[in-house]
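Below: one structure, written as structure tokens.
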Amino acid sequence: MISQSQNKKFCIEPIIPTDNEVYKWALINHRFQKVKIQERIDQNQIVYLFEGRTLRSLSRQNQPDYNDKIFYNLEQIMKLEWKGEQGTNNKKFGKWKAFWNQRRLQNVEGYYENGSKIGLWNELFKNYFSQAKVFETGQYQNNYRVGKWKYIYKKAEIGGGKYSNEMHNMKIGQWIELDDEFRNQKQVIYNGEYNCGNKVGSWDICFRQDEINKFTIIGGGQYDEKGNGLKNGLWIDLDEEFNCIKQVIMTGNYENGKKTGRWNIKYRLEINQSFSKIGGGQYNQEGIKIGRWIDLDEGFYFEKQVTYNGEYQNGIKVPDYNDKIFYNLEQIMKLEWKGEQGTNNKKFGKWKAFWNQRRLQNVEGYYENGSKIGLWNELFKNYFSQAKVFETGQYQNNYRVGKWKYIYKKAEIGGGKYSNEMHNMKIGQWIELDDEFRNQKQVIYNGEYNCGNKVGSWDICFRQDEINKFTIIGGGQYDEKGNGLKNGLWIDLDEEFNCIKQVIMTGNYENGKKTGRWNIKYRLEINQSFSKIGGGQYNQEGIKIGRWIDLDEGFYFEKQVTYNGEYQNGIKVGSWVINFRKDQNDEFKQIGGGEYNQEGIKIGQWVDLDNRFNIEKQVIYKGNYQNGVKVGPWVINFRKDQKVEFKQIILKWYQNWKMD
Numbered sequence: 125m126i127s128q129s130q131n132k133k134f135c136i137e138p139i140i141p142t143d144n145e146v147y148k149w150a151l152i153n154h155r156f157q158k159v160k161i162q163e164r165i166d167q168n169q170i171v172y173l174f175e176g177r178t179l180r181s182l183s184r185q186n187q188p189d190y191n192d193k194i195f196y197n198l199e200q201i202m203k204l205e206w207k208g209e210q211g212t213n214n215k216k217f218g219k220w221k222a223f224w225n226q227r228r229l230q231n232v233e234g235y236y237e238n239g240s241k242i243g244l245w246n247e248l249f250k251n252y253f254s255q256a257k258v259f260e261t262g263q264y265q266n267n268y269r270v271g272k273w274k275y276i277y278k279k280a281e282i283g284g285g286k287y288s289n290e291m292h293n294m295k296i297g298q299w300i301e302l303d304d305e306f307r308n309q310k311q312v313i314y315n316g317e318y319n320c321g322n323k324v325g326s327w328d329i330c331f332r333q334d335e336i337n338k339f340t341i342i343g344g345g346q347y348d349e350k351g352n353g354l355k356n357g358l359w360i361d362l363d364e365e366f367n368c369i370k371q372v373i374m375t376g377n378y379e380n381g382k383k384t385g386r387w388n389i390k391y392r393l394e395i396n397q398s399f400s401k402i403g404g405g406q407y408n409q410e411g412i413k414i415g416r417w418i419d420l421d422e423g424f425y426f427e428k429q430v431t432y433n434g435e436y437q438n439g440i441k442v443p444d445y446n447d448k449i450f451y452n453l454e455q456i457m458k459l460e461w462k463g464e465q466g467t468n469n470k471k472f473g474k475w476k477a478f479w480n481q482r483r484l485q486n487v488e489g490y491y492e493n494g495s496k497i498g499l500w501n502e503l504f505k506n507y508f509s510q511a512k513v514f515e516t517g518q519y520q521n522n523y524r525v526g527k528w529k530y531i532y533k534k535a536e537i538g539g540g541k542y543s544n545e546m547h548n549m550k551i552g553q554w555i556e557l558d559d560e561f562r563n564q565k566q567v568i569y570n571g572e573y574n575c576g577n578k579v580g581s582w583d584i585c586f587r588q589d590e591i592n593k594f595t596i597i598g599g600g601q602y603d604e605k606g607n608g609l610k611n612g613l614w615i616d617l618d619e620e621f622n623c624i625k626q627v628i629m630t631g632n633y634e635n636g637k638k639t640g641r642w643n644i645k646y647r648l649e650i651n652q653s654f655s656k657i658g659g660g661q662y663n664q665e666g667i668k669i670g671r672w673i674d675l676d677e678g679f680y681f682e683k684q685v686t687y688n689g690e691y692q693n694g695i696k697v698g699s700w701v702i703n704f705r706k707d708q709n710d711e712f713k714q715i716g717g718g719e720y721n722q723e724g725i726k727i728g729q730w731v732d733l734d735n736r737f738n739i740e741k742q743v744i745y746k747g748n749y750q751n752g753v754k755v756g757p758w759v760i761n762f763r764k765d766q767k768v769e770f771k772q773i774i775l776k777w778y779q780n781w782k783m784d
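So the numbering used here is basically just the index in the sequence shown, starting at one, shifted up by 124.
In structure tokens, the structure reads:
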């Protein structure tokens, strides 16, 4: 007879998604995006591919519990594996341990007996990744969770509850649950009761900005007492993408789990502010949107406050729903179009624009049977008090055709042609305005469209004000194939380029991706040359690698701050130095800095700059980080200028907050 130990195999546990959709963390706007991955079977391997490149290859051999582990995000596909032993019939036994990026995750482990989990297990939260290092710990009995389970985040217990000892994986009694997308910037929990696995009674939704603060109630409502898990009555829900930089809630009523009646959308910028209404509309008894609605853009956050104002019929947007988009808060508060509607709410006749309840002279146009026709004078999409720009041209059956012009301060400053055959398709030579064109950011783009795509040479031009002419400040080549991809040498403008932040980047593109060396350059005045002040290397995938000098996000002439350090695959690692200079004639000198670990998280001693640091307000913070969290004493220092030493003005103490 062959013993189990003789027959045992050492293997890597395969962790396979049930479908081809996972979440990808978008660092730029701090949100998850659903993306599709491909699984390719190659002999005994399963190969995971994303956007044509291989993420990971796993053995197909011995997969008895296919659904035991599910990849929830791309980081898990690339970095997570469990290792242990298998015996007869490929059943797991003994201790299994978790590894992240080939490194052992301390104490993340548990035991199998005859293929079933038993005893104490420390597992990963389902959305575990570099921004959500959360663990779950508790007991298994014959592969089912039983008794008390806890959520552990940054070494502190922040939630949990009990599972039934009789019914399989059934939650009972009081629970504090974590949001499915709980992470550093989305610390949201749900507090309430389970009865036989269903939520009942009152549930609170709580949020905190960071570990220093306590959780506070921000939403919630009632579940049906019958135990069917349906919401009823008044609720305050959080937006699916609610986080520190998108604090959006919805308030309204549920009937048997369906939204009904009026629902309002509210927003606040800071945790200490009240929520203000910025959108909303009506639901029918079936929970379907009807009538007039103001929706928020999917990517809405403090730097992209965009809303959509239009009509729903039985949950479907009527044809002209996208006709008006609120691009900024001023538009939400001040812009209104007035006119008549006929049968089926279709617009007809002349419609006029009003700003702050006053008529905007000649900003108007005609509808016929719900479609725009003839000459229209419209507002530039980012129109506000600092960007009074208009667009004028012809509509045909709701589509732009022929010549269109941009008008700014009564002068034509750009425009081009739309096709008469293809819907809203730009053709030929165009002068376009930057999406954020305004008094202090008079930037235009000059080049050619072919079938709606940019092709050939495009110039980027800038002027200080209306007195001066536009001069070329950047540009490069688009692919002649018409796919709209940048290629070759380019001079790009910083996203926040304006009169007080004249920053450009120079380097090469390959098929729309930055590659090789890129330099960051700056000038103070329009009559000066640009001087190199930063830059670094991109790999073939357009990801930062090696040594870089980055500019502070709020860099401008009174806040000339740079960051000098190392990137590994787009992640800051090792020692980073923060440098500052008073003006462009001075040398940069170190004013702060510290260490990042391999995951890009701050550790050890740091000197941080205040968010509003500038020449007039030179405030720095000295203290320690533990896994990205400020701990212990932090000293706040201030000086008036570089000629004097920093002086301590406040001592602040940080400690990990722990739930009772």
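For glycine and all other residues, C-beta sits at the position ideal for the given N, C-alpha and C.
This structure is a prediction, so every number in the text was calculated from the model and none was measured.
In three-state terms, what does DSSP make of ASN751? coil
Taking all protein chains shown into account, decide if GLU619 is buried (16 or more other Cβ within 10 angstroms of its Cβ) or exposed. Exposed.
Should SER254 be labelled buried (16 or more other beta-carbon atoms within 10 Å of its own) or exposed? buried
Enumerate, from N- to C-terminal direction, the unbroken beta strand (DSSP E) stretches of 3 or more residues contained entirely within the region 602-680. 610-617, 626-634, 637-647, 655-662 and 668-675
Taking the beta strand (DSSP E) that GLN200 falls in, what are its first and last residues? It is not in any beta strand (DSSP E) - GLN200 instead sits in the alpha helix (DSSP H) that spans 198-203.
As assigned by DSSP and simplified to three states, the class of GLU163: strand
Which parts of the region 317-366 are runs of the beta strand (DSSP E), unbroken and 3 residues or longer, counting only runs that do not cross its ends? 322-332, 340-347 and 355-362
Contact set for ARG705: own chain, Cβ-Cβ below 6 Å, skip 5 residues either direction: GLN684 and PHE712
When we look at the beta-carbon of GLU394 and count the other beta-carbons within 10 Å, is it buried (16 or more) or exposed? exposed
Name the residue from PHE223, PHE259, VAL270 and LYS221 whose alpha carbon lies nearest to the alpha carbon of GLY243. VAL270
Sequence-distant residues of the same chain with beta carbon closer than 6 Å to ILE773, five excluded per side: ILE760 and PHE762
Using the beta-carbon count (16 or more within 10 Å), is ASN438 buried or exposed? Sixteen is the threshold: since fewer than 16 other Cβ atoms of the shown chains lie within 10 Å of the Cβ of ASN438, the residue is exposed.
In chain order, what residues of the same chain lie with their CB nearer than 8 Å to the CB of LYS476, ignoring the 5 residues before and after it? Answer for LYS476: TRP461, LYS462, GLY463, ARG483, LEU484, VAL487 and GLU488, listed in chain order.
Nearest to PHE478 by alpha carbon, out of LYS458, LYS241 and GLY659? LYS458
Just to confirm the assignment, what range does the alpha helix (DSSP H) spanning GLY457 have? One point to set straight first is that residue 457 is Met, not Gly, in the sequence displayed. 453-458 is the span of the alpha helix (DSSP H), which, as asked, contains MET457.
DSSP-derived helix/strand/coil call for ASN246: In this structure, ASN246 counts as strand in the three-state DSSP scheme.
At what residues does the beta strand (DSSP E) containing LEU484 begin and finish? Per DSSP, LEU484 belongs to the beta strand (DSSP E) from 482-492.
Just list the residues that DSSP pairs VAL312 with in beta bridges. Residue pairing from DSSP places VAL312 in a beta bridge opposite PHE331.
Alpha-carbon spacing of MET294 relative to TYR287, whole angstroms: MET294 and TYR287 have their alpha carbons spaced roughly 5 Å apart.
Rounded to a whole number of angstroms, what is the C-alpha to C-alpha distance between LYS767 and PHE679? 22 Å
How many angstroms separate the CA atom of ILE402 from the CA atom of GLN371? 12 Å
Whole-angstrom distance between VAL627 and ASP676, CA atom to CA atom: 12 Å
ASN446 burial status per 10 Å Cβ neighbour count (16 or more: buried): Legend: pLDDT at ASN446 = 41, less than 50; position of this residue unreliable, value from coordinates given subsequently. Counting of Cβ neighbours within 10 angstroms places ASN446 among the exposed residues, the total staying below 16.
Cut-off 8 Å between Cβ atoms - residues of its own chain near ASN319, not counting five sequence neighbours on either side: ILE296 and GLY351
Give every residue of the same chain whose Cβ lies closer than 6 Å to the Cβ of MET629, excluding the five residues on either side of it in the sequence, and list them in chain order. These residues qualify, in order along the chain: ASP616, TRP642 and ILE644.
What beta strand (DSSP E) runs, 3 residues minimum, are completely inside the region 674-730? 684-692, 695-705 and 713-720
Rounded to the nearest angstrom, what separates THR516 and GLY552 at their Cα positions? One alpha carbon belongs to THR516, the other to GLY552, and they sit about 18 Å apart.
Beta-carbon separation (whole angstroms), LEU358 vs TYR347, contact threshold 8 Å: About 13 Å separates the two Cβ atoms, so there is no contact after all.
Is the region 272-279 close to the region 212-228, with three or more CB pairs under 8 Å? no
Helix, strand or coil at ASN506 [DSSP, three-state]: coil
Can you tell me whether PRO757 is helix, strand or coil according to DSSP? strand
Return yes when the Cβ of ASN735 is within less than 9 Å of the Cβ of GLU682, no when it is not. Taking 9 Å as the cut-off, the Cβ atoms of GLU682 and ASN735 do not count as close.
DSSP three-state assignment for ASN388, whether helix, strand or coil: strand
Buried or exposed for ARG416, please, with buried defined as at least 16 other CB atoms from any protein chain shown within 10 angstroms of its CB. exposed
Just to confirm the assignment, what range does the beta strand (DSSP E) spanning ALA511 have? Counting along the chain, no beta strand (DSSP E) covers ALA511, and no H or E run does either.
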